[in-house]
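Here the sequence shown is numbered in my numbering, starting from -11 and rising by one per residue.
Yeah, the Cβ is synthetic: ideal placement off N, Cα and C, and Gly gets one too.
Bear in mind the structure is a predicted one, so any value in this text is a computation, not a measurement.
See structure below.
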Amino acid sequence: MDAIKCITTRRSIRAFKQEPIDSDLLRKVVDIARWSPSYKDSQPWEVIILSGERKKALSQMMVDLLERGAEPTPDLPAPVSWPEKEQERIDHLYAARKEATGIDLNDPGIIQKAKKANFNFYNAPHAFYLLQDSSLSQWSLFDLGLFAQSLMLAAHAMGIGTVPQAFATDYAGEIKEFLGIPSAKRLVLGISVGYPDWDSPANQLRTDRVPAEELITWME
Ligand SMILES: Cc1cc2nc3c(=O)[nH]c(=O)nc-3n(C[C@H](O)[C@H](O)[C@H](O)COP(=O)(O)O)c2cc1C
């Protein structure tokens, strides 16, 4: 698959086949992603790959916390509001998602359900966590974003589906304790990983993008 096709056909996958992915293939995805650029080649990224019982136990812990009404402890706080333009795009996504899946993310009752699905990593056989030292600057967060995209594109090129998940870091404090990760690490992103179930309605949504011309200011 060429780079242009890979970038333009990747999409978030939210339903997976149960077939596990060979660990050599999972390693290969990370092996490719490490060629991402980073500030001064500092490579401020670490990856945890969860599968099997450990993943199941972590999901259960997050679901239990949610059901108990525990306050989230994310390392990166969730945005409380958005500028008008970005909010319009979010509204557009929510409307499209409601039409494609029947799930209305504006319904507070649904949020609980959506979080549970996220905590269960959409039943994917594997979950990645991306993390870095919390003393690193915002540039390193930027670098980790580049790494995340490389990882998801490498996976896509190999027929592996992914979805990046901020929700999966809701209970960062408890997740780090459970997995034995030092509290000085910043847990930035969870990613569900597995072979896509293309028959699921959850995977039928193709999100929109605003036209390039709206993003560009030509200056001569
Ligand atoms: C930083 C980040 C956090 C995200 N968090 C979640 C999440 O918690 N749960 C989820 O289902 N999707 C999450 N997404 C996926 C976005 O909803 C998705 O990328 C966006 O709607 C565009 O759709 P596409 O990935 O199919 O192109 C996240 C994406 C990014 C980049």
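- Look at ILE91 here: in three-state DSSP terms it is coil, with no helix or strand label.
- The DSSP-derived three-state label of ILE36 is strand.
- Less than 8 Å separates the beta-carbon of SER47 from that of PHE107.
- At a Cβ-Cβ threshold of 8 Å, TYR110 and VAL151 count as neighbours.
- By the criterion of at least three beta-carbon pairs nearer than 8 Å, the region -2 to 5 is in contact with the region 173 to 183.
- Minimum Cα-Cα distance from ARG197 among the listed residues GLY40, MET(-11), ILE78 corresponds to ILE78.
- Scanning its chain for C-beta atoms nearer than 6 Å, with the 5 sequence neighbours on each side dropped, one finds no residue around MET207.
- A check of alpha carbon separations from ILE99 across LEU13, LEU81, PHE155, PRO71 identifies PHE155 as the nearest.
- If you ignore the 5 residues before and after THR61, its C-beta comes within less than 7 Å of the C-beta of TYR159, ALA160, GLY161, GLU162, all in its own chain and listed in chain order.
- The DSSP assignment places complete beta strand (DSSP E) segments of no fewer than 3 residues inside the region 33 to 86 at 34 to 39, in order along the chain.
- ALA102 sits close to LEU93, with the two beta carbons spaced by under 8 Å.
- Note on PHE135: 16 or more other CB atoms within 10 angstroms of its CB, so buried under the neighbour-count rule.
- Looking from the CA of PRO65, the closest CA among TYR27, THR205, ARG194, VAL176 belongs to VAL176.
- Taking 4 residues as the minimum length, the alpha helix (DSSP H) runs contained wholly in the region 111 to 198 are 126 to 145, 160 to 167, in order along the chain.
- Non-local C-beta neighbours of GLU202 in its own chain, meaning closer than 7 Å and more than five positions away in sequence, are absent.
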